[in-house]
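To start, the structure under review is shown below, and the notes come after it.
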Amino acid sequence: MRVAQARRFVISDHPLPWLLPLVAILLVFTVYPLIYNIWLSFHEFVPRRRALEFVGMENWVQLWNDTRFWQSLVITFTYFAIALVFELVLGMAIALLLDSDGFGFGFLRGVLTMTLVIPPAIVGMMYLLMEDPQFGVISYLLQSIGLLNPNNPILATASTALAGVLVAEIWQWTPFMVLIFLAGLRALPPEPYEAAMIDGASSFQIFRRITLPMMSKVIAIAVLVRGIDLFRVFDYVFVMTSGGPGASTYSLSLYAWQQTFSFVKWGYGATLSLVTLVIILVIANLFIRIAKVKW
Amino acid sequence: MNGSFSTRMLRTIAAWVVVAVFFFPIYYWTSVAFKHGNDIFNRPPKLFAFTPTFDNFQKVFGISLGSGGITVTPGGGNFYMAPRVWDSIVIATLSTVLAVAIATVAAYALSRMNFRGRHSFVGWVLSTRMMPPVAVAVPMFFIYKNFGLIDTYTGMVLIHALMNLPLAVLLMKSFFDDIPSEIDESAIVDGASRFMIFRRIVLPMAKGGIAATAVLCFIFSWTEFLFALTLTTTSLKTVPVVSSTFVTSIGTAWGNMAALGAASIIPAFIFILLVQKHLVRGLTMGSLKQ
Chain L
1074 MRVAQARRFV ISDHPLPWLL PLVAILLVFT VYPLIYNIWL SFHEFVPRRR
1124 ALEFVGMENW VQLWNDTRFW QSLVITFTYF AIALVFELVL GMAIALLLDS
1174 DGFGFGFLRG VLTMTLVIPP AIVGMMYLLM EDPQFGVISY LLQSIGLLNP
1224 NNPILATAST ALAGVLVAEI WQWTPFMVLI FLAGLRALPP EPYEAAMIDG
1274 ASSFQIFRRI TLPMMSKVIA IAVLVRGIDL FRVFDYVFVM TSGGPGASTY
1324 SLSLYAWQQT FSFVKWGYGA TLSLVTLVII LVIANLFIRI AKVKW
Chain Y
299 MNGSFSTRML RTIAAWVVVA VFFFPIYYWT SVAFKHGNDI FNRPPKLFAF
349 TPTFDNFQKV FGISLGSGGI TVTPGGGNFY MAPRVWDSIV IATLSTVLAV
399 AIATVAAYAL SRMNFRGRHS FVGWVLSTRM MPPVAVAVPM FFIYKNFGLI
449 DTYTGMVLIH ALMNLPLAVL LMKSFFDDIP SEIDESAIVD GASRFMIFRR
499 IVLPMAKGGI AATAVLCFIF SWTEFLFALT LTTTSLKTVP VVSSTFVTSI
549 GTAWGNMAAL GAASIIPAFI FILLVQKHLV RGLTMGSLKQ
């Protein structure tokens, strides 16, 4: 009888049995880590006693006074903003260029997809080699046209290291924007364009007054999805610079990871990753509200 | 969009040039995989004029190209990476199966059943996608240590499945939303149970969507770095993580690393071409339909 009841419940219209596996794994892997992080942020590992000890608000006070933290916050925002602007502008320009049914254009769109399937850590390695001061192809090119001093390696000079990382980032993810924008452009209705042609509007006017407004929803979604990943940047900086030289490429995620695993500051690392989480959640949810993105 | 012949020519040339610029790093990296050490370290960099070699692939995969065709000899040495590729394949495949199975069932309920809080539930699933991996990896490292899950397939499969769940749920929901619910309703009138409708009618109709979801889950697991770096130490490692072992105190084995990198792109690229139709929907977690 019990079995029959349970069976009827499982195949009934109640959503619970359908959602249970999902809820269980999300609880274990997201809610539990969150609570653990909050608990950990009030403790610190004491190597002398090989144990975690309660330290009250110490980690949070340290965070407030930690210039490295504020620096990495600025670096993360800078990285986020520069990458997003470049990827959006380049992505839109290339999408407009490739929006054609001409011969070979389908092939070109397929080639662009390639960058998306390479592990970012390996992309970091690729650019590490290409930006090598002696035999890197990018360094060689920039040196030979006089834009780069051979004594200042791109990734080992504080003023250029972040740009060196951003090149890899923008190279890999501009095609992401291109593909999304292309899909958006292809779905646009032809009538407004026909009307504008008759009125004799210039192509810039058409882009500014018709294409951009009609693409706003597509752009908002692209910004949201890419923005979330940009703010969590870890792979490129870990592989290419490990945060250096000095602290010029320390992202929040990298700083949190290193505090935990390189310097055994478990409590402080948890505090940093908690702050990263809160910033992303607040900004992303605000953006969803303002831009009215819907799922 | 139909300009004169010369503007169309100009546009075609510009398109090829732009894509060539984006393709160049992939060409260069692949060429390094076929280069001898002294060709890699040449200045100016050699782009085309070098003597190709298969040594790097032999060292990394144990594959050699001789007069008798291709021979495979399981090698030793620090740079023999075939077992690591196997690890990556196992983790990516199993985590994809797990994520897609859980997500499909949940997405069906989210697409078809009306219940209180459905909208906020979808919002919660989406917000778990925003968690920085570092905020999950730190606590999971301690939990995994207690349960002996470090360096195990189980541990990596679970964490990669979790990572892909928000994407898989939202994506599958969008595919189910495309199937008219009248089909379900008429089947209910005929006396079919929810589960039968799901298994016999809706699942077969969503085959293409399931394939697209699976491919994206596979690729995201294949390319994932932070969890694999944190939750494995010695006996188990994925391809992105081992790429750093080519950096040694006597220099970096660029040729070997490039061989591994170039080979790791191919399966993922083939997969993604198979589901190109649904790619944009997948990349935007189901919110944009092509």
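Those protein sequence lines, which keep their order, are chains L and Y.
Using my numbering, the first residue of the first sequence is number 1074, and each one after it goes up by one.
Using my numbering, the first residue of the second sequence is number 299, and each one after it goes up by one.
Even for Gly, the Cβ is constructed at its ideal location relative to N, Cα and C.
Remember, it's a predicted structure, so these values are computed and weren't measured experimentally.
Query, Result
"Between the CA atoms of T536/Y and I1353/L - distance to the nearest angstrom", "28 angstroms"
"H1116/L: first and last residue of the uninterrupted beta strand (DSSP E) it sits in", "H1116 to V1119"
"Within-8 angstroms CB hit, R382/Y to chain L", "no"
"Positions along the stretch 1294 to 1309 of chain L whose CB lies within less than 8 angstroms of some CB in chain Y", "I1294, A1295, V1298, I1301, F1304, R1305, F1307 and D1308"
"Chain L within 8 angstroms of M379/Y, Cβ atoms only", "no"
"Residue range of the alpha helix (DSSP H) that includes A1274/L", "Segment: none, A1274/L is in no alpha helix (DSSP H) and carries neither H nor E."
"Assigned exposure category for N336/Y - 16 Cβ within 10 Å defines buried", "exposed"
"First through last residue of the beta strand (DSSP E) which encompasses L534/Y", "Here L534/Y belongs to no beta strand (DSSP E), and DSSP marks it neither H nor E."
"For G549/Y, the three-state DSSP class (helix, strand or coil)", "strand"
"Counted within 10 angstroms of its Cβ, other Cβ atoms place N412/Y as buried (16 or more) or exposed", "exposed"
"A435/Y versus F525/Y: straight-line alpha-carbon distance, rounded", "6 angstroms"
"Nearest-angstrom Cα separation, counted from V487/Y out to W422/Y", "33 angstroms"
"Bridge partners - E1126/L, DSSP secondary structure assignment", "E1117/L"
"Sub-8 angstroms separation of P478/Y and S1346/L beta-carbons", "no"
"Y1323/L in three-state terms, based on DSSP", "coil"
"First and last residue of the uninterrupted alpha helix (DSSP H) at R1409/L", "Outside the shown range of chain L, which is 1074 to 1368, sits residue 1409/L, and nothing can be said about it."
"Proximity test, Cβ basis, 8 angstroms: P342/Y and chain L", "yes"
"Nearest to M347/Y (by Cα), restricted to the options V330/Y, F359/Y, R498/Y and F355/Y", "Note on residue identity: the sequence assigns Ala, not Met, to residue 347/Y. It is V330/Y whose Cα lies nearest to the Cα of A347/Y."
"Residue burial classification, I338/Y (beta-carbon count within 10 angstroms, cutoff 16)", "buried"
"Test: M299/Y CB closer than 8 angstroms to a CB of chain L", "At M299/Y the pLDDT is 48, less than 50, meaning the model places this residue with poor confidence; the figure from the coordinates comes in the next sentence. By this cut-off, M299/Y is an interface position."
"Terminal residues of the alpha helix (DSSP H) in which F439/Y lies", "P431 to F445"
"Neighbouring residues, chain Y, relative to D1272/L (Cβ below 8 angstroms)", "The contacting residues do not exist; D1272/L stays about 17 angstroms from chain Y at best."
"Run of the alpha helix (DSSP H) containing E483/Y, from where it starts to where it stops", "E480 to V487"
"Of the listed residues V403/Y, L534/Y and L571/Y, nearest to F1180/L (C-alpha basis)", "L571/Y"
"Extent of the continuous alpha helix (DSSP H) run through Q1135/L", "E1131 to N1138"
"Where the alpha helix (DSSP H) containing R382/Y begins and where it ends", "A380 to R410"
"Rounded straight-line distance, which links the Cα of P1090/L to that of I499/Y", "19 angstroms"
"Nonlocal neighbours in the same chain, by C-beta distance under 7 angstroms from S409/Y, ignoring five residues either side", "K471, F474 and D475"
"Pairwise C-alpha distance: R1122/L and R1299/L", "43 angstroms"
"Pairwise C-alpha distance: L1169/L and T1284/L", "10 angstroms"
"Proximity test, Cβ basis, 8 angstroms: T1349/L and chain Y", "yes"
"R1305/L Cβ short of 7 angstroms to the ligand SAM heavy atom set", "With respect to small molecules bound, the structure shown includes none, and the ligand SAM cannot be examined in it."
"Through-space distance from S1276/L to M299/Y, alpha-carbon basis", "For M299/Y, the predicted structure reports a pLDDT of 48, less than 50, and the residue's modelled location is therefore unreliable. The matter cannot be settled from this model."
"N-terminal and C-terminal residue of the alpha helix (DSSP H) that I338/Y is part of", "G335 to I338"
"Reference P1106/L, options V545/Y, I564/Y, Y442/Y and D449/Y, closest by Cα", "Y442/Y"
"Per-residue contacts from T1188/L into chain Y (C-beta, under 7 angstroms)", "F320"
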